[in-house]
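Novice:
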Amino acid sequence: MAAELRCVADALLPGSVGDIAPVEVAGVAYLGFETAAPLTGDPLRAVSVLSGIQALYLRAGDEHGELLRPVALDRPDRFPSDLVTILKYQGKTNEQFTRLLLTVTAMATAWPERYLDGTMTVLDPMCGRGTTLSTAITLGLDVTGIDLDAKDREAYQAFLSTYLRQHRIKHRLTSGAVRRSGKTLGHRFDVELAADKDDYKAGRVQHVTYLGVDTTRLQGLLPAGQTNVVVADTPYGVQHGSHGDRLARSPLDLLDAALPGWVRALRTGGAVGLAVNRHVAARAAVTDLLARHGLTVVEAGGYGGLRHRVDASIDRDIVVARKG
Ligand SMILES: C[S@@+](CC[C@H](N)C(=O)[O-])C[C@H]1O[C@@H](n2cnc3c(N)ncnc32)[C@H](O)[C@@H]1O
1 MAAELRCVAD
11 ALLPGSVGDI
21 APVEVAGVAY
31 LGFETAAPLT
41 GDPLRAVSVL
51 SGIQALYLRA
61 GDEHGELLRP
71 VALDRPDRFP
81 SDLVTILKYQ
91 GKTNEQFTRL
101 LLTVTAMATA
111 WPERYLDGTM
121 TVLDPMCGRG
131 TTLSTAITLG
141 LDVTGIDLDA
151 KDREAYQAFL
161 STYLRQHRIK
171 HRLTSGAVRR
181 SGKTLGHRFD
191 VELAADKDDY
201 KAGRVQHVTY
211 LGVDTTRLQG
221 LLPAGQTNVV
231 VADTPYGVQH
241 GSHGDRLARS
251 PLDLLDAALP
261 GWVRALRTGG
271 AVGLAVNRHV
281 AARAAVTDLL
291 ARHGLTVVEA
301 GGYGGLRHRV
311 DASIDRDIVV
321 ARKG
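FYI, this note's numbering numbers position 237 of the sequence shown as 237, with every residue one higher than the one before it.
1) Please work out which residues of its chain come closer than 6 angstroms, Cβ to Cβ, to arginine 180, disregarding the five sequence neighbours upstream and downstream, and give them in chain order.
2) For proline 235, verify whether its CB is less than 6 angstroms away from any heavy atom of ligand 1.
3) Would you mind sorting arginine 246 into buried or exposed? The rule is 16 or more other CB atoms within 10 Å of its CB.
4) Does the Cβ of lysine 183 have 16 or more other Cβ atoms within 10 Å, making it buried, or fewer, making it exposed?
5) In this structure, does DSSP put threonine 144 in helix, strand or coil?
6) According to the neighbour-count rule (16 or more other Cβ atoms, all chains shown, within 10 Å of its Cβ), is aspartate 196 buried or exposed?
7) Which of helix, strand or coil does DSSP assign to histidine 240?
8) Just to confirm, is the Cβ distance from tyrosine 327 to glycine 145 under 7 angstroms?
9) Are the beta-carbon atoms belonging to tyrosine 108 and alanine 224 less than 7 angstroms from one another?
10) Check the C-beta distance from alanine 110 over to glycine 269 and give it rounded, since I have them as a contact under 8 angstroms.
11) How about aspartate 149: is its Cβ closer than 6 angstroms to a heavy atom in ligand 1?
12) Which residue or residues does DSSP assign as beta-bridge partners of glutamate 299?
13) Span of the alpha helix (DSSP H) holding proline 14?
14) Below 6 angstroms CB to CB, which residues in the same chain sit around alanine 281 once its five sequence neighbours on both sides are set aside?
15) Roughly how many whole angstroms lie between the Cα atoms of alanine 9 and aspartate 199?
16) Taking 8 angstroms as the cut-off, does the segment 309-323 touch the segment 273-287 (at least 3 CB pairs, one atom from each stretch)?
17) Check whether the Cβ of aspartate 214 sits closer than 6 angstroms to any heavy atom of ligand 1, and report yes or no.
18) If you follow the beta strand (DSSP E) that phenylalanine 159 is part of, which residue opens it and which one closes it?
19) Leaving aside the five residues before and after valine 178 along the sequence, list all residues of the same chain whose C-beta is less than 8 angstroms from its C-beta, in chain order.
20) Quick check on the DSSP output: what are the complete alpha helix (DSSP H) runs of length 4 or more inside the segment 68-152, in order along the chain?
21) Are there any heavy atoms of ligand 1 lying less than 6 angstroms away from the beta-carbon of methionine 326, as far as the coordinates show?
22) Going by DSSP, what residues sit across from histidine 187 in a beta bridge?
23) Thinking just about the alpha-carbon of each residue, which of Asp149, Ala232, Leu133, Ala300 is nearest to the one in aspartate 190?
24) On a Cα-Cα basis, can you pick out the residue from Ile169, Glu154, Leu68 that is closest to arginine 78?
25) Does the distance from the C-beta atom of glutamate 4 to that of leucine 50 stay below 7 angstroms?
26) Output the boundary residues of the alpha helix (DSSP H) element that contains glycine 261.
27) Thinking leucine 274 and alanine 232 are a contact (beta carbons under 8 angstroms), I'd like their distance in whole angstroms, please.
28) On the DSSP bridge list, what partners appear for glycine 182?
29) Leaving out the 5 sequence neighbours to the left and right, which residues in its chain are closer than 8 angstroms to cysteine 7 when beta-carbon positions are compared?
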């Protein structure tokens, strides 16, 4: 989270956040950071987006000792967190991690502020049962997901449609075939929705698209140079017992085959963020690959500090690279 905050601070609050380090107050661990002035307005909103934030306190003191003064968060979220948490399945990418991946990738683009005002567009080209899609929806963003696994697509479509109905969120869901040159390649569904009824009536809607196709064969399926961010939790090369890893070749070969389509879809100034298991894809191999596909890997600030252990078989890292 310290690395995530560094990425957010460098992009949205340049020069105004000093040391970021764990602190302990009365035996409880916090993440401490220094700011030139107490956080309000846009800077408060920027800090409120952090994936692991529970509460924010201003450290103050008086003659009786140290005080923690609560500061109300200003979360950009438009939907309750259960949109991201309800669906549970083997192989799901952790929700908090998904938000972190999306946030740090958005911060590496030329338009980090668009992450908070709801105008950024997101593509998860290996979206499974939609953890990234739901996270982006929560933040008010337009999002496209791609996955070859029909069970994943069906499960996410069923979940999303039930969720929107039960929460009385205005929406329209359509489904049909993905076609190219008259040939059917797979199934798709599209949703238009708005958190607010008046927004829906006025056409101020969010767009969600799910394409059930092979992510290495996207030619002609996505508009070129449109999406601001591409994020993917790549197959880990370990058996979760279900989907994903059976479909994939080595994760690096899969990325090599898929990256041309992903980079084509990305707008210049946009960024790609990949979660990788270092046991099956060394960081240097991933950064070399991204560079070979014309991207510039971002290593400065928080971007070199996102590696963490998940379990004995997954040593997870995030590699972020920019187009242009
Ligand atoms: C680690 S999982 C992503 C899980 C997802 N973030 C979630 O929370 O549900 C990787 C995904 O890549 C998909 N995949 C692997 N090879 C693919 C291909 N060639 N085309 C499309 N999807 C593919 C798998 O079906 C799997 O759902």
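Here a beta-carbon is modelled for each residue, glycine too, at the ideal position from N, C-alpha and C. Nothing here was measured: the structure is a model prediction, and the numbers come from that model.
Specialist: This is what the structure gives:
1) Here residue 180 corresponds to residue number 180 of the sequence shown, with the count starting at 1. The answer, listed in chain order, is Gly220.
2) What you label residue 235 is simply residue 235 of the sequence shown in a count that begins at 1. Checking the Cβ of proline 235 against ligand 1 gives yes.
3) Numbered from its first residue, the sequence shown carries residue 246 at position 246. In this prediction, arginine 246 scores a pLDDT of 47, lower than 50, which makes its location untrustworthy; the coordinate-derived value is nonetheless stated afterwards. In summary, arginine 246 is exposed, with fewer than 16 beta-carbon neighbours lying within 10 Å of its beta-carbon over all protein chains present.
4) Taking the sequence shown and counting its residues from 1, the one referred to as residue 183 is at position 183. By the neighbour-count definition (other C-beta atoms within 10 Å, threshold 16), lysine 183 is an exposed residue.
5) Counting from 1 along the sequence shown, the entry for residue 144 is found at position 144. Threonine 144 falls in the strand class under three-state DSSP.
6) By one-based count along the sequence shown, residue 196 stands at place 196. Exposed is the call here.
7) As a position in the sequence shown, residue 240 is number 240, starting the count at 1. The predicted model places histidine 240 with a pLDDT of 49, which falls under 50 and marks its position as unreliable, so this point remains unresolved.
8) With the chain covering only 1 through 324, there is no way to say anything about residue 327.
9) For the purposes of this step, residue 108 is identified with residue 108 of the sequence shown, where counting begins at 1. For the purposes of this step, residue 224 is identified with residue 224 of the sequence shown, where counting begins at 1. The sequence as given places alanine at residue 108; tyrosine does not occur at that position. No.
10) Taking the first residue of the sequence shown as position 1, residue 110 is located at position 110. Taking the first residue of the sequence shown as position 1, residue 269 is located at position 269. For a cut-off of 8 angstroms, the C-beta gap from alanine 110 to glycine 269 is around 3 angstroms, short enough to register as a contact.
11) If you number the sequence shown from 1, residue 149 lands on position 149. Under cutoff, so the answer is yes.
12) Residue mapping note: residue 299 aligns to position 299 of the sequence shown, counting from 1. Beta-bridge partners assigned by DSSP to glutamate 299: none are found.
13) Against the sequence shown, residue 14 aligns to sequence position 14. That residue, proline 14, is in no alpha helix (DSSP H); it is neither H nor E in DSSP.
14) Mapped onto the sequence shown, residue 281 falls at position 281. So the qualifying residues of the chain are Pro251, Leu252.
15) As a first step, residue 9 must be located in the sequence shown, where it is residue number 9. As a first step, residue 199 must be located in the sequence shown, where it is residue number 199. Answer to the nearest angstrom: the Cα atoms are 31 angstroms apart.
16) Using a C-beta cut-off of 8 angstroms, the segment 273-287 makes contact with the segment 309-323, since at least three inter-stretch Cβ pairs fall below that distance.
17) Working through the sequence shown from its first residue, we reach residue 214 at position 214. Under cutoff, so the answer is yes.
18) The count along the sequence shown starts at 1 and reaches residue 159 at position 159. Taken as a continuous stretch (DSSP letters only), phenylalanine 159 belongs to no beta strand (DSSP E), being part of the alpha helix (DSSP H) at 150-166.
19) For the purposes of this step, residue 178 is identified with residue 178 of the sequence shown, where counting begins at 1. Excluding sequence neighbours, valine 178 sits near Thr184, Leu185, Gly186, His187, Arg188, Leu211, Gly212, Val213, Leu221.
20) Along the length of the segment 68-152, whole alpha helix (DSSP H) runs at least 4 residues long occupy 82-85, 95-107, 131-138, reported in chain order.
21) For residue 326 there is no data in the structure shown, the boundaries of the chain being 1 and 324.
22) The residue labelled residue 187 in the question sits at position 187 within the sequence shown. When beta bridges are read from the DSSP output, histidine 187 appears opposite Ala177.
23) Translated into the one-based positions of the sequence shown, residue 190 becomes position 190. The candidate whose alpha carbon is nearest that of aspartate 190 is Leu133.
24) Taking the first residue of the sequence shown as 1, we reach residue 78 at position 78. The option with the nearest alpha carbon to arginine 78 is Ile169.
25) Position 4 of the sequence shown holds residue 4. Position 50 of the sequence shown holds residue 50. Going by C-beta atoms, glutamate 4 is nearer than 7 angstroms to leucine 50.
26) As a working mapping, residue 261 is identified with position 261 in the sequence shown. In the DSSP assignment, glycine 261 falls within the unbroken alpha helix (DSSP H) covering 251-265.
27) One-based indexing of the sequence shown puts residue 274 at position 274. One-based indexing of the sequence shown puts residue 232 at position 232. Between leucine 274 and alanine 232 a beta carbon distance of about 6 angstroms is seen, short of the 8 angstroms cut, so the two are scored as contacting.
28) As a working note, residue 182 is residue 182 in the sequence shown. Glycine 182 pairs with nothing; no bridge assigned.
29) For the purposes of this step, residue 7 is identified with residue 7 of the sequence shown, where counting begins at 1. When the five nearest sequence neighbours on each side are left out, the beta carbons in the same chain lying within less than 8 angstroms of the beta carbon of cysteine 7 are those of Thr103, Val104, Met107, Ala108, Gly301, Gly302, Tyr303, in order along the chain.
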